[in-house]
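Let me begin by presenting the structure, written as structure tokens, before commenting on it.
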Amino acid sequence: MTDTSRVRVERTTRASQVGLLAGLGVVVALAAVPRLGDSGVMRAIIEFITLLVLAQMWNLLAGYAGLVSIGQQAFVGLGGYALIVLADDLGLNPFVAVPLAGLVATMFALATATLVFRFSGGYFAVGTWAVAEVYRLLVANTTALGRGTGRTLKAVFPLARETRELGTYALAVGLGAAAIIAVYLALRSRLGLGLMAVRDSEPASRSLGVDVFRTKLVVYLVAAFGTGTTGALIYLNLLRISPDAAFSINWTAYTIFIVVIGGLGTLEGPIVGTAVFFLLREALSDYGSWYMILLGALAIGAMLRFPQGLWGLVAERWDIRVFPVQRRVRTDVSGGRR
Amino acid sequence: MIWLDTLVQGILLGGLYALFATGLSLIFGVMRLVNLAHGDFSILAAFLAVALVQALGVNPLVALLLVVPVMGALGYGLQRVVLNRLLGRGILPAVLVTFGLSIVIQNGLLETFSADSRRLNPGGIETASLALGGGLAVGWFSLLTFVTALVLLAGLQLLIGRTALGRAFRAASDDGATAALMGIDNGRLYALAMALSLAIVAIAGIALGIRTTFTFASGPDRLLFAFEAVIIGGLGSLWGTLVGGVILGVAQTTGARLSPGWGVLTGHLVFLAVLLLRPSGLFAPSRRVD
Numbered sequence: 000m001t002d003t004s005r006v007r008v009e010r011t012t013r014a015s016q017v018g019l020l021a022g023l024g025v026v027v028a029l030a031a032v033p034r035l036g037d038s039g040v041m042r043a044i045i046e047f048i049t050l051l052v053l054a055q056m057w058n059l060l061a062g063y064a065g066l067v068s069i070g071q072q073a074f075v076g077l078g079g080y081a082l083i084v085l086a087d088d089l090g091l092n093p094f095v096a097v098p099l100a101g102l103v104a105t106m107f108a109l110a111t112a113t114l115v116f117r118f119s120g121g122y123f124a125v126g127t128w129a130v131a132e133v134y135r136l137l138v139a140n141t142t143a144l145g146r147g148t149g150r151t152l153k154a155v156f157p158l159a160r161e162t163r164e165l166g167t168y169a170l171a172v173g174l175g176a177a178a179i180i181a182v183y184l185a186l187r188s189r190l191g192l193g194l195m196a197v198r199d200s201e202p203a204s205r206s207l208g209v210d211v212f213r214t215k216l217v218v219y220l221v222a223a224f225g226t227g228t229t230g231a232l233i234y235l236n237l238l239r240i241s242p243d244a245a246f247s248i249n250w251t252a253y254t255i256f257i258v259v260i261g262g263l264g265t266l267e268g269p270i271v272g273t274a275v276f277f278l279l280r281e282a283l284s285d286y287g288s289w290y291m292i293l294l295g296a297l298a299i300g301a302m303l304r305f306p307q308g309l310w311g312l313v314a315e316r317w318d319i320r321v322f323p324v325q326r327r328v329r330t331d332v333s334g335g336r337r
Numbered sequence: 000m001i002w003l004d005t006l007v008q009g010i011l012l013g014g015l016y017a018l019f020a021t022g023l024s025l026i027f028g029v030m031r032l033v034n035l036a037h038g039d040f041s042i043l044a045a046f047l048a049v050a051l052v053q054a055l056g057v058n059p060l061v062a063l064l065l066v067v068p069v070m071g072a073l074g075y076g077l078q079r080v081v082l083n084r085l086l087g088r089g090i091l092p093a094v095l096v097t098f099g100l101s102i103v104i105q106n107g108l109l110e111t112f113s114a115d116s117r118r119l120n121p122g123g124i125e126t127a128s129l130a131l132g133g134g135l136a137v138g139w140f141s142l143l144t145f146v147t148a149l150v151l152l153a154g155l156q157l158l159i160g161r162t163a164l165g166r167a168f169r170a171a172s173d174d175g176a177t178a179a180l181m182g183i184d185n186g187r188l189y190a191l192a193m194a195l196s197l198a199i200v201a202i203a204g205i206a207l208g209i210r211t212t213f214t215f216a217s218g219p220d221r222l223l224f225a226f227e228a229v230i231i232g233g234l235g236s237l238w239g240t241l242v243g244g245v246i247l248g249v250a251q252t253t254g255a256r257l258s259p260g261w262g263v264l265t266g267h268l269v270f271l272a273v274l275l276l277r278p279s280g281l282f283a284p285s286r287r288v289d
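Chains as they are written, first to last, in numbering that gives the first Met the number 0: chain E, 0 to 337; chain D, 0 to 289.
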């Protein structure tokens, strides 16, 4: 037997230390961008961050809680419309209204959960989609929300363009960092342990005392908050919202492809996936919707051939974990017997 | 009278929805697979018919005779080559792969056929109507679609209840592992089920294309309606699927009569109400056998 005094349980890895430094570097670099004054780069970064956060939220739901939702676009739309109502109709500061819009989306998520949690598996997926469609149609039939034509965010008009752009950019960077840190910390906590247990086996985790229903509900609400806040940010950036765009299934399509190609169930996966998405879109920008076809084919191929995603391949091959959420047992074999 | 007309239109619409729902119900019953591309396959069939009509100048109903076997073969191939690999891996891979297929098909149709809305024209039958007396009239084609749904469902019921293949379907549905022990080739069986599913949904897609305009993006709504019809009727019951389709159809026509933008929404609300009050559906059998 191995000498137990030589057994260590650790989390930090060489890669995670490097990753921490790299992450700080990224944040510093992002903070420097506005000084260069290129609003095109800022907009691209905002778009990258919004897709990344959407992907992290969906990854949290599907990759960790086992909840495959194809109705997250409901919260993108609800967050966007909540922003318009809070900022234009209720006169709140539009930047403050963004996280508040996320809270509004979370309230709707609570109502949604009472319905869709009656389903499981593939029928849960379609149920979430049906509910998203209900929200879309309700909004499209409401005159105060602009019906099918939609509305424009007027609350930002008094602001100077640079102020608005800088404010949106700062909010985006803050949201991105907060989302990744929050998910990382959550997964390292008791909740995270319970989540991973639920993902791997619901009956077993129940037998160990994990409150499966509550765990899933908390995750669903947290993901809705993240998605709703991101939706509000998206429309703070775009300024114009309509039901067909805000509640479009494309939001879900992009995030699913990003997560599946990047690596489901890892924190690094969505980052890799978002990068692949942007690269493909830029490379195929002259060919209409071919990038979506290629992306879809890649995602299908990934599920069939490498379900652990691109990051999963890297992590398995070289044993790298930049965001270590699992505990590793290390034994020193130089001493006692194996 | 206007409400009787609404009711009749709704019932006939239900026949079309039952056609969409039957294939979905079948593959879920046999292999617990939710095909998120189900609606998009029906639209693919409609576009294939459009292409055939343009290329050969035939009536869409003739094109249907060519498209249905092609779609059946496509379903067989798809199941054998792609989807059979996903069974036994939980629902996530199947949901993601069929979702990916849905997006790929939609964008493929967009690239091939552009975003223009299309319609199939069978030369007059779609506008002919049959007077039922008392000022009530129904479209011949709606009636034809409903009768087709009845015939197909009856045929499927016979297939499942009276043939060896049907016995194999029922066995795989009850217990796939033991069915394999009894000598049933599950891979081939599932492929046949998928072939049947896509063949039926091809008929549904072409019927839709004759009845109304459609675009590359019309698939997902069909899937939703099919799914709602199956849930309202109850999983595991073929005739329940017809009743579910009819209830959905009536809900939609009633809602549309109240206010034009509320048709589809009313259908969704009725579906959610059934889900809240009777989650297993209205006609779910106590045993998962037809």
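From the three backbone atoms N, C-alpha and C, an ideal C-beta is built for every residue, glycine too.
Exclusion of the five residues before and after I159 (chain D) leaves G165, F168, R169 and D289 as the residues of its chain whose Cβ lies within less than 7 Å of its Cβ. Within the DSSP bridge table, the entry for F213 (chain D) names D:R117 as partners.
Apart from sequence neighbours up to five positions away, the residues of its chain that approach S38 (chain E) with a beta-carbon distance below 6 Å are E164, ordered along the chain. Selection E:W310, E:E315 and E:P306 evaluated against R84 (chain D) yields E:P306 as nearest (Cα-Cα). Taken atom to atom, the span from the alpha-carbon of L135 (chain D) to that of L151 (chain D) is near 27 Å. Between the C-alpha atoms of G126 (chain E) and W289 (chain E) there is a straight-line separation of about 29 Å. Using a 10 angstroms sphere on the CB of P259 (chain D), the tally of other CB atoms stays under 16, which defines it as exposed.
The C-alpha of L268 (chain D) is placed about 43 Å away from the C-alpha of L55 (chain D). Under the three-state reduction of DSSP, V249 (chain D) is assigned to helix. By the Cβ rule, the stretch 63-82 of chain D counts as touching the stretch 193-210 of chain D, because three or more pairs are nearer than 8 Å. The stretch 47-54 of chain D and the stretch 114-121 of chain D touch, with no fewer than 3 CB-CB distances between them shorter than 8 Å. The beta carbons of G76 (chain E) and R135 (chain E) sit closer together than 8 Å. Proximity of L73 (chain D) to chain E, defined by a Cβ-Cβ separation below 8 Å, is not satisfied.
Per DSSP, L85 (chain E) lies in no beta strand (DSSP E) and is assigned neither H nor E. The beta carbon of L143 (chain D) sits no closer than 8 Å to any beta carbon of chain E. Taking a beta-carbon distance threshold of 8 Å, N140 (chain E) counts as an interface residue toward chain D.
Put simply, the CB of I90 (chain D) is near chain E, with a gap under 8 Å to one of its CB atoms. The C-beta of H267 (chain D) comes closer than 8 Å to at least one C-beta of chain E. The Cβ atoms of V84 (chain E) and L170 (chain E) lie no closer than 8 Å to each other. Only buried fits L223 (chain D), as 16 or more other CB atoms lie within 10 angstroms of its CB. Where S41 (chain D) is concerned, there is no enclosing beta strand (DSSP E), although the alpha helix (DSSP H) around it starts and stops at H37 to L55. Per DSSP, the continuous beta strand (DSSP E) segment holding V137 (chain D) begins and ends at L135 to G138. Under a 10 Å Cβ-count criterion, L309 (chain E) is classified as buried, with 16 or more other Cβ atoms of the shown protein chains found around its own Cβ. By the neighbour-count criterion, in which a residue is buried when 16 or more other Cβ atoms sit within 10 angstroms of its Cβ, W2 (chain D) is exposed. Inclusion of A104 (chain E) and F276 (chain E) in the CB contact set at 8 Å is not warranted, their separation being larger than that value. Taking a 10 Å sphere around the C-beta of E281 (chain E), we find fewer than 16 other C-beta atoms and assign the residue as exposed.
Sequence-distant partners of V182 (chain E) (beyond 5 residues in either direction) whose C-beta falls short of 7 Å from its own C-beta, in its chain, are Q55, L59 and L266.
For G173 (chain E), same chain residues with a beta-carbon under 6 Å away, outside a window of 5 residues either side, do not exist. By a beta-carbon distance limit of 8 Å, G300 (chain E) does not contact P242 (chain E). Their separation comes to about 33 Å. Under the three-state reduction of DSSP output, R150 (chain E) falls in the strand class.
Taking a cut-off of 8 Å for Cβ pairs, the stretch 10-18 of chain D and the stretch 79-95 of chain D do not touch, as fewer than three such pairs fall below it.
Contact between I257 (chain E) and L66 (chain E) does not hold, since their C-beta atoms are separated by about 17 Å, which reaches or exceeds 8 Å. What S288 (chain E) touches in chain D, judged by beta-carbon distance under 9 Å, is Q105, N106, G107, L109 and E110, going in chain order. If you check the CB distance, V66 (chain D) and A201 (chain D) come in under 8 Å. Residues of chain E whose Cβ lies closer than 7 Å to the Cβ of R84 (chain D) are, in chain order, L303. Proximity to G101 (chain E) across E:V115, E:A81, E:T111 and E:L114 peaks at E:A81, based on C-alpha coordinates.
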